[in-house]
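Engineer:
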Amino acid sequence: MASALSLVCPPDRAALRRDRVIAAARKLFEDKGFHSTGIAEIATLSGVKVGQIYRDFASKEEIVAAIVEADFAAFSDASGFRTAIASRNKAGVIAAIDQMFTRVDGKRLMPEIIAEASRNPAVAATIRDLDTRCKGELLEALEVLAPGVDRRHAREIAAEIVLTLIVGTCHRTVARPTPSDCAANQALRTIVARELHKLAGD
């Protein structure tokens, strides 16, 4: 008889399997939309059986939550926020925020997820959690530029402006993925950098 331990999938294999499901779901959601994508299609593309997918994810909403979590982790790791905050590096903070406008991961899918959030309470909760975490990390970074209780309101406004522009950029990337948008994006980044330098008192 197999021992209980032998029946447990090693964590690395389980993580790789989940990653395959998430990658397949991301592509299908981007190409077909959330509602038009079935678990069976995700199973076919990922090579993971339907039953196993349901053991890893109770619903498509849980897969969306996993996609959002993966995107947040990738953004947080790559943007350099943690290093810039730890070293109180103003230039590093501004560069990290600039990267928020250059990273394309998830941009095609984000408008689809936001649209789904307007009619799906579970997805809406995922988006609210993402917004809270992104804003919290951004405020922590902005505190390096403008420290002190007296600058709290200025940091709040700056954070809201940056997040609003990022969401708008996601939508524009989907609506008009043309070379002219690259120039517009660069101009937007220049404006944001100027305002951040102003916030920092440079």
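Mapping of the sequence shown onto the UniProt record's numbering: residues 1 to 202, in sequence order. Yeah, the Cβ is synthetic: ideal placement off N, Cα and C, and Gly gets one too. Quantities reported herein were computed from a predicted structural model and do not represent experimental measurements.
#1: Is T44 buried or exposed, if buried means 16 or more other CB atoms sit within 10 Å of its CB?
#2: Taking the Cβ atom as the reference point for each residue, do I53 and I22 lie within a distance shorter than 8 Å?
#3: I'd like the list of long-range same chain contacts for D56, defined as Cβ closer than 6 Å, with 5 residues on each side in sequence excluded.
#4: Report the option in E61, L28 and T169 whose CA atom is closest to the CA atom of S46.
#5: For V64, name the three-state secondary structure that DSSP assigns.
#6: For V48 versus R82, is the C-beta distance shorter than 8 Å?
#7: Between the Cα of K60 and those of I85, A24, L138 and N89, spot the shortest distance and give me the residue it belongs to.
#8: Secondary structure at A95, three-state DSSP: helix, strand or coil?
#9: Could you check where the alpha helix (DSSP H) with R133 kicks off and where it finishes?
Structural biologist: Quick answer:
#1: exposed
#2: no
#3: R18
#4: L28
#5: helix
#6: no
#7: A24
#8: helix
#9: P121 to L145
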